[in-house]
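Read the structure below first, then the notes.
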Amino acid sequence: MTSIVDIHPHIISDDEKAYPPAPLFGKRSDWSQERPSTVEALIAAMDAAGVAKAAVVHSSTTYGFDNSYVVDGCNQYKDRLVAVGSVDVLAEDATQKIIEWKERGLAGLRLFTGGSTKEFDPSELEDPRSYPSWELCAELNIPMCIQTGPIGLPQVTALAKRFPKVKIILDHLGRPDVLDGPPYANAKSMFDLAPLENIYFKLTPRIFGDVKKEKASADTFFPAVVKEFGAQRLAWGSNFPTSPGTLAEILATAQKGLASLSDEDRAWIFEKTAKQLYPSLA
1 MTSIVDIHPH
11 IISDDEKAYP
21 PAPLFGKRSD
31 WSQERPSTVE
41 ALIAAMDAAG
51 VAKAAVVHSS
61 TTYGFDNSYV
71 VDGCNQYKDR
81 LVAVGSVDVL
91 AEDATQKIIE
101 WKERGLAGLR
111 LFTGGSTKEF
121 DPSELEDPRS
131 YPSWELCAEL
141 NIPMCIQTGP
151 IGLPQVTALA
161 KRFPKVKIIL
171 DHLGRPDVLD
181 GPPYANAKSM
191 FDLAPLENIY
201 FKLTPRIFGD
211 VKKEKASADT
221 FFPAVVKEFG
231 AQRLAWGSNF
241 PTSPGTLAEI
251 LATAQKGLAS
261 LSDEDRAWIF
271 EKTAKQLYPS
281 LA
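Residues in the sequence shown are numbered from 1 upward in steps of one, following full-length UniProt numbering.
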């Protein structure tokens with residue numbers, strides 16, 4: 001029996017004095033104000049949905065580079081949660097910050113190059129000032145999530161080649177365009193990443209919604225992705241509460257979307273890949 005592991009929920013504190021908002025790029029995301037979810041609320045949602053464990057992703061559009069809440073929250077539930085945070089990798093003290101946050105409990109890092117509050121800017125991904133941070137991630141076996149779209153995939157490719165020991169996890173599958181349907185020619189830049197074995201992908205509500213549109217379908221798209229990358233490089237992420245719906249509803253949509261895959265492939269996507277990326281979840 002597969003236990004379910006979620007590698008992309010978020011948490012927001014209800015105590016703004018203890019954890020003051022200071023959003024990256026100066027604009028706070030709408031979802032974090034409309035659907036804030038504390039760590040206690042996440043645990044309750046996980047219990048209701050049957051989700052065993054999670055790698056909780058820091059909300060950059062709420063707290064900038066202050067990972068205090070995601071670290072403190074996850075440390076309250078060490079048997080079930082690990083924290084994924086953000087550091088300014090272009091800052092002179094970036095490596096020192098990574099070490100400090102790791103000592104406080106951070107299990108992974110994330111680069112937020114755009115999304116809900118800003119257009120994607122991949123320039124950070126090709127800035128040599130970030131290289132010491134990447135070298136440290138390789139040394140400490142810290143995986144790096146990247147939030148970007150197709151515009152940033154050339155830079156992701158270069159980083160994967162330069163730092164082959166760093167596990168790179170693309171949020172939201174790298175946001176491919178799948179609306180043209182099989183053979184999904186518009187998603188070629190994503191499929192072209194297949195030879196780079198240190199690149200992993202999150203399957204989140206965004207892609208489960210897109211495969212229901214125009215010429216796309218879950219039954220043609222997900223088997224094609226598994227064929228190219230292997231399920232061992234794919235992991236489910238809820239994006240709760242950023243994506244609307246309960247955690248149970250979001251999970252049910254993902255399970256239905258992946259129904260055409262084998263039991264073994266689904267076991268990797270819903271559990272085993274996550275535990276390889278974040279061994280403390282095992």
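All C-beta atoms in this analysis are idealised placements derived from N, C-alpha and C, irrespective of residue type, glycine included. Everything numeric in this text was worked out from a predicted model, so none of it was measured.
- Within the same chain, Val89, Leu90 and Glu124 come within 7 Å of Ser130 by CB-CB distance, once the 5 residues on both sides are set aside.
- Judged by beta-carbon spacing, Ser60 lies within the 7 Å limit of Leu24, meaning their Cβ atoms are closer than that value.
- Exclusion of the five residues before and after Leu196 leaves Ala160 as the residues of its chain whose Cβ lies within less than 6 Å of its Cβ.
- Note on the segment 89 to 148: whole beta strand (DSSP E) runs with a minimum of 3 residues are 106 to 112 and 144 to 147, in chain order.
- Ranked by Cα distance from Ala187, the first of Leu173, Tyr200 and Asn198 is Leu173.
- Under the DSSP definition of a beta bridge, Lys202 partners with Ala235.
- In the DSSP assignment, the residues bridged to Leu170 are Ile146 and Phe201.
- In the three-state reduction of the DSSP assignment, Asp79 falls in the coil class, being assigned neither a helical nor a strand state.
- In this structure, the alpha-carbon of Thr38 lies about 16 Å from that of Asp30.
- Looking only at Arg35, His10 and Ile4, the smallest Cα-Cα distance to Gly50 is reached by Ile4.
- In the DSSP assignment, Ile4 falls within the beta strand (DSSP E) that extends over Ile4 to Asp6.
- With a threshold of 16 other beta carbon atoms within 10 Å, Pro128 falls short and is exposed.
- A contact between stretches requires three or more CB pairs, one per stretch, nearer than 8 Å, and the segment 151 to 168 fails this requirement with the segment 210 to 230.
- By the C-beta density criterion, Lys17 is exposed, having fewer than 16 other C-beta atoms within 10 angstroms.
- DSSP places Ala54 inside the beta strand (DSSP E), whose first and last residues are Val51 to Val57.
- Lys188: member of the alpha helix (DSSP H) spanning Lys188 to Phe191, first to last residue.
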